[in-house]
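Student:
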Amino acid sequence: MKQMTIEQFAMQTASNEPVPGGGSISALAGALAAALTEMVAGLTIGKKKYAEVEEEMKEAVEPMHKICEQLLDDIKRDSESFDLYMQALTLPKETEEEKAARTAAMQNGLKAAVAVPLSVAKAAYEVLPFAETMVVKGNKTAVTDALVATMMARTAVLGALFNVKINLESIKDEEFVKETSKEVEVLEKKAVAFEQKILAQAGVSKSVVE
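Heads up: the sequence shown begins at 1 in full-length UniProt numbering, then just goes up one per residue.
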């Protein structure tokens, strides 16, 4: 999917096919957040005015590039994890053995459909500390880019976690659901709080983004 043009990807999303869906779009949002953060770092490096923070800017480039690449790959991985579940639905269910095998495959597919967006959410969250550095210390002519990166990262986290939660509803492994739900709740709260902290440092009031 990452080889598509922007127009092709948008049109594929708009089609009546179930993928790419919200999970893939969340991964894309996170990738763009990382890319914007890397861009602001690049626009700051080499400027005499920002010589004191140059090392911090350089330290952001590689991790943001890696996260961007990871999340671009996750666009396809999210769609593939959905396909695993859909394939399980087509398995035969005539005998008790077939029914058991089908149920197990469905549950495994659902867990895969949880693992990918959870990974996306965690990766997107990692963008936020770097985005904060760009907002506070980066090239001021690009502060709006850093703010967009911040909001895109938050959206990527929450969007991915929505997909985690919807899939958890169909998973029968109670311990897995309990532990993952706790992880989701913590990450949601942290992402929202971190975004608000960054926006406040830029003088953006909370009411503007609510």
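We treat Cβ as the ideally placed atom computed from N, Cα and C, and that holds for glycine.
All of these numbers come straight from a predicted model, not from anything done at the bench.
Check whether the Cβ atoms of Leu118 and Thr180 sit closer than 9 Å, and answer yes or no.
Tutor: Yes, they are a contact pair.
Student: Please confirm whether Gly23 and Val120 have their CB atoms less than 9 Å apart.
Tutor: Cβ distance < 9 Å, so Gly23 and Val120 count as in contact.
Student: Straight-line CA distance for Pro92 to Met86?
Tutor: Whole-angstrom Cα-Cα distance: 13 Å.
Student: Name the residue from Ile6, Lys49, Leu71 and Thr13 whose alpha carbon lies nearest to the alpha carbon of Glu126.
Tutor: Nearest option by C-alpha distance: Leu71.
Student: Just to confirm, is the Cβ distance from Ala160 to Ala51 under 9 Å?
Tutor: Not in contact: Ala160 and Ala51 (Cβ atoms no closer than 9 Å).
Student: For my contact list, Val116 and Asp78 are in at a C-beta cut-off of 8 Å; report their separation, rounded to the angstrom.
Tutor: Going by Cβ atoms, the distance from Val116 to Asp78 rounds to 5 Å, so yes, they are a contact pair.
Student: For Ala101, which residues from the same chain have a beta carbon less than 8 Å from its beta carbon, with the 5 sequence-adjacent residues on both sides left out?
Tutor: Once the five neighbours on either side are set aside, the close Cβ partners of Ala101 are Leu91.
Student: Count Cβ pairs between the region 184 to 198 and the region 149 to 158 that sit closer than 8 Å; are there 3 or more?
Tutor: Yes, they touch.
Student: Could you say which of Ala34, Pro129 and Gln107 lies nearest to Gln196 if we only look at CA atoms?
Tutor: Out of Ala34, Pro129 and Gln107, Pro129 has the C-alpha closest to the C-alpha of Gln196.
Student: Can you tell which of Ala131, Glu183 and Leu199 has the C-alpha that lies nearest to the C-alpha of Met39?
Tutor: Nearest C-alpha to Met39: Ala131.
Student: Please classify Ser81: is it buried, with 16 or more other beta-carbons within 10 angstroms of its beta-carbon, or exposed?
Tutor: So Ser81 ends up on the buried side.
Student: Distance, Cα to Cα, Ile67 vs Thr103?
Tutor: Computed Cα separation, rounded: 34 Å.
Student: Count the other CB atoms, across all protein chains shown, that sit within 10 Å of the CB of Leu187; report buried if there are 16 or more and exposed otherwise.
Tutor: Looking at its Cβ environment, which holds 16 or more other Cβ atoms inside 10 Å, Leu187 is buried.
Student: Quick check on the DSSP output: the alpha helix (DSSP H) that includes Thr133 runs from which residue to which?
Tutor: Unbroken alpha helix (DSSP H) run through Thr133: Val127 to Lys137.
Student: Do Gln201 and Val136 have their C-beta atoms within less than 9 Å of each other?
Tutor: Yes, the pair counts as a contact, with Cβ atoms nearer than the cut-off.
Student: Whose C-beta lies closer than 6 Å to the C-beta of Val177 among residues of the same chain, with five residues either side of it excluded?
Tutor: Once the five neighbours on either side are set aside, the close Cβ partners of Val177 are Leu168 and Ile171.
Student: In the structure shown, what three-state DSSP assignment does Asn108 receive?
Tutor: Asn108: helix per DSSP, three-state reduction.
Student: When you compare each of Glu7, Asn139, Thr44 and Ile166 to Leu110 by their alpha carbons, which one comes out closest?
Tutor: Selected option, being the one with the closest Cα: Ile166.
Student: According to DSSP, simplified to helix, strand and coil, what is Val61?
Tutor: DSSP places Val61 in helix when its eight states are reduced to three.
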